[in-house]
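Let me begin by presenting the structure, written as structure tokens, before commenting on it.
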Amino acid sequence: MTTDHYLSAAAPGAGPAALPTGRLAAGALLARGALLAPLSGVTDLHMRRIARRLGATATVSEMVAAEDFARGTEEARLRAEGEGVLPHVVQLAGCDPRWMAEGARLAEANGADAIDVNMGCPAKAVTGGQAGSALMRDLDHAERLLAAVREAVAVPVTVKMRLGWDDATRNAPDLARRAERLGYAAVTVHGRTRQQFYTGRADWAAIRAVREAVTIPLVANGDIAGLDDARACLRESGADAVMIGRAAVGRPWLVAAVAAGLAGEALAEPDAAARAELAAEHYDGLIALYGARMGVRHARKHLAAYADHAGGLSAPERTRLLTTTDPDEAARLLRRAFEAPAARPEQQAARPQHQAA
Numbered sequence: 001m002t003t004d005h006y007l008s009a010a011a012p013g014a015g016p017a018a019l020p021t022g023r024l025a026a027g028a029l030l031a032r033g034a035l036l037a038p039l040s041g042v043t044d045l046h047m048r049r050i051a052r053r054l055g056a057t058a059t060v061s062e063m064v065a066a067e068d069f070a071r072g073t074e075e076a077r078l079r080a081e082g083e084g085v086l087p088h089v090v091q092l093a094g095c096d097p098r099w100m101a102e103g104a105r106l107a108e109a110n111g112a113d114a115i116d117v118n119m120g121c122p123a124k125a126v127t128g129g130q131a132g133s134a135l136m137r138d139l140d141h142a143e144r145l146l147a148a149v150r151e152a153v154a155v156p157v158t159v160k161m162r163l164g165w166d167d168a169t170r171n172a173p174d175l176a177r178r179a180e181r182l183g184y185a186a187v188t189v190h191g192r193t194r195q196q197f198y199t200g201r202a203d204w205a206a207i208r209a210v211r212e213a214v215t216i217p218l219v220a221n222g223d224i225a226g227l228d229d230a231r232a233c234l235r236e237s238g239a240d241a242v243m244i245g246r247a248a249v250g251r252p253w254l255v256a257a258v259a260a261g262l263a264g265e266a267l268a269e270p271d272a273a274a275r276a277e278l279a280a281e282h283y284d285g286l287i288a289l290y291g292a293r294m295g296v297r298h299a300r301k302h303l304a305a306y307a308d309h310a311g312g313l314s315a316p317e318r319t320r321l322l323t324t325t326d327p328d329e330a331a332r333l334l335r336r337a338f339e340a341p342a343a344r345p346e347q348q349a350a351r352p353q354h355q356a357a
């Protein structure tokens, strides 16, 4: 496909928009929406399906290692899966222009509607290989990588970055300008440096320097947990849209609610019964995608988040939910989390806070 519908916005709650028939201006399609951010090991196919169906403007796959994907590894293939998600956006990570280009070509051939280049992941396992936000330490090399991906595919290409590697090198505006010159459709900026990881608060105002540097659509990311945050982020950053990551774990309906609010529409979040059905759908999908043994493991971070937001499990039940290897038992406990009375405040306080990958 060669349309720019990655940046189109369906009416929240109406399901995915129909695909445009021509290449339209990305800026006109962005429309101040709310997108589900790529989270490694988190934004799997089924989480993206649910978020998009409920009304998220768009979703992005979890990070896919370009070389692994190009070489055909099963894990990379599953991460890049997008059946039933429109638009299907695949995020690729790597440091070798050749493999990034190969990965992009394969993703496009497999139905990706857009490619997002990861230049923002702060994880040591990624930056140690000179990928992710490590690329912001060498913008000439980063530009070669961006050019290789852009030249490899006909679909829109975007890039996600941080403010810079550290406070001494906040070079996101320069990297964004290079991406714009190469024909990138949009840029996303997380309002922290790599050295901050996820500490402190995201600096939305610092993203404004990128807004002033480029004219292509700008998406702001970091610490957006609801509609008030989204509005404040847009005001401070000058961005066109927001991207929500960790706050949506265990609440895939959150992105749709924010998208609706930004569009001036009212969209009530689902009630407990509907949330239970969505959580069960997500869990069942992971079991089907990965098989029972791996599916249970992959689902644990989601089970923890769903259970904590639902608040209906005792501490022993929550522990059992996260340690059982029996898919049926996990499904039963997950439903109980939404059906049981809300947990007492002291139970909630004793539980560890979920951290997304």
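Under UniProt numbering, the first residue of the sequence shown carries the number 1, and numbering increases by one thereafter.
Idealized CB from N, CA, C, for every residue including glycine.
query                                                                                                                          : result
Cβ neighbour criterion (16 or more within 10 Å) applied to R251                                                                : buried
Beta-carbon proximity of E102 to A66, cut-off 8 Å                                                                              : yes
R178 to M161 span [Cα, whole Å]                                                                                                : 13 Å
Sequence-distant residues of the same chain with beta carbon closer than 8 Å to L163, five excluded per side                   : R170, A172, V189, H190, G191, R192, T193, D203, A206 and I207
Delimiting residues of the alpha helix (DSSP H) encompassing T188                                                              : Note, T188: premise wrong, no alpha helix (DSSP H); beta strand (DSSP E) at A186 to H190.
Other residues of its chain near R320: CB distance less than 7 Å, five sequence neighbours each side excluded                  : L333
DSSP-derived helix/strand/coil call for A35                                                                                    : The question names Ala, but residue 35 is Leu in the sequence shown. DSSP places L35 in strand when its eight states are reduced to three.
Cβ shell of T57 (< 6 Å), same chain only, five flanking positions each side left out                                           : A9, G33, A34, L35 and A259
Contacts around R48, its chain only, beta-carbon distance under 6 Å, and the 5 residues preceding and following it disregarded : T59 and V85
Selected residue, minimal CA-CA separation from L54, among T43, L254, R98 and R336                                             : L254
Those residues which DSSP pairs with V85 across a bridge                                                                       : DSSP output for V85 lists no bridge partner at all.
Reduced DSSP category for A263 - H, G, I as helix; E, B as strand; rest coil                                                   : coil
Enclosing beta strand (DSSP E) for I224 [first to last residue]                                                                : I224 -> no beta strand (DSSP E), and no H or E assigned at all.
DSSP three-state assignment for Q91, whether helix, strand or coil                                                             : strand
For E212 and R318, the rounded distance between their alpha carbons                                                            : 47 Å
Pairwise C-alpha distance: E180 and D167                                                                                       : 23 Å
Residues sharing a beta bridge with L218, DSSP                                                                                 : V187
DSSP beta-bridge partners of A58                                                                                               : L35
Cut-off 7 Å between Cβ atoms - residues of its own chain near R144, not counting five sequence neighbours on either side       : P97
Residues near A28 in its chain [Cβ-Cβ closer than 8 Å; skip 5 each side]                                                       : Reliability fails at A28, whose pLDDT of 39 lies under 50, so the model's placement of it is uncertain and no value is given.
Cβ-Cβ distance between A247 and A225 below 8 Å                                                                                 : yes
Neighbourhood of V64 by C-beta distance below 8 Å, restricted to the same chain and skipping five residues each side           : A76, R79, A80, V90, Q91, L92, A93, G103 and A107
DSSP-derived helix/strand/coil call for D167                                                                                   : helix
Beta strand (DSSP E) segment containing V159, residue limits                                                                   : V157 to R162
Proximity of A239 and L218 at Cβ, strictly below 8 Å                                                                           : yes
Endpoints, the beta strand (DSSP E) within which A134 is located                                                               : Segment: none, A134 is in no beta strand (DSSP E) and carries neither H nor E.
Contact set for A337: own chain, Cβ-Cβ below 7 Å, skip 5 residues either direction                                             : Y306, A307, A310, G312 and L313
Which residues DSSP lists as bridging D116, in chain order                                                                     : Q91 and T158
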